[in-house]
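A.B. asks: Quick note on the working numbering: the sequence shown kicks off at 5 and runs consecutively.
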Amino acid sequence: MNKMKLLIVDDEKDLCRILADRLNILYGISPDVAHTGDEALEMVKKGNYDVVVLDIEMPGIDGIETLKRIKEINAKIQVVLFTGHGSDETRRLAEVMGAFSYVDKIDGLPKLAPASAAHSNSLAVLP
5 MNKMKLLIVD
15 DEKDLCRILA
25 DRLNILYGIS
35 PDVAHTGDEA
45 LEMVKKGNYD
55 VVVLDIEMPG
65 IDGIETLKRI
75 KEINAKIQVV
85 LFTGHGSDET
95 RRLAEVMGAF
105 SYVDKIDGLP
115 KLAPASAAHS
125 NSLAVLP
């Protein structure tokens with residue numbers, strides 16, 4: 005089985021680096037990184053991603069609109085919304101729009117992990 009192809013989308017460059025390093029060290033996953041919704045959409049059109057970890061609050065296209073457009077490009081991509089500005093309303097909207105999961109940035113970083121091993125093509129959000 006191939007390694008998961010993952011894209012991290014967040015305007016906070018340091019957070020992207022930390023998350024990418026963590027996934028690489030712990031699971032051998034080397035994710036791609038985008039810092040805007042537009043950049044992410046271009047990458048999704050060109051790449052064959054299994055999972056997108058997506059911030060909600062970003063300049064330009066926000067995460068909710070980016071989620072909608074990702075699902076229009078490829079409905080099979082698992083999108084995990086990763087935010088520090090979430091609400092119950094946003095969570096419900098994301099679920100209706102097809103988000104795989106919704107994780108808080110403050111305590112959610114340790115919860116992101118591949119479902120079984122580095123060669124899994126899905127992401128689990130640990131309790």
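All residues carry an ideal CB built from backbone N, CA and C; glycine is no exception.
Straight-line CA distance for residue 109 to residue 88?
C.D. replies: Translated into positions along the sequence shown, residue 109 becomes position 105. Translated into positions along the sequence shown, residue 88 becomes position 84. Roughly 5 Å between the two C-alpha positions.
A.B. asks: Do you know whose CA, among 21, 36, 17 and 13, lies nearest residue 7's CA?
C.D. replies: Looking up residue 7 in the sequence shown gives position 3. The candidate whose alpha carbon is nearest that of residue 7 is 36.
A.B. asks: Following the continuous alpha helix (DSSP H) through residue 22, name the residue where it begins and the one where it ends.
C.D. replies: The residue given as residue 22 occupies position 18 in the sequence shown. Where residue 22 is concerned, the enclosing alpha helix (DSSP H) stretches over 17-31.
A.B. asks: If we count the other Cβ atoms within 10 Å of its Cβ and call it buried at 16 or more, is residue 56 buried or exposed?
C.D. replies: Along the sequence shown, read from residue 1 onward, the residue named residue 56 stands at position 52. The residue in question, residue 56, is buried, as its Cβ has 16 or more Cβ neighbours within 10 Å.
A.B. asks: Spatial neighbours of residue 52 within its chain, please: C-beta separation below 7 Å, excluding the five flanking residues on both sides.
C.D. replies: The sequence position of residue 52 within the sequence shown is 48, counting from 1. Cβ within range, chain order: 9.
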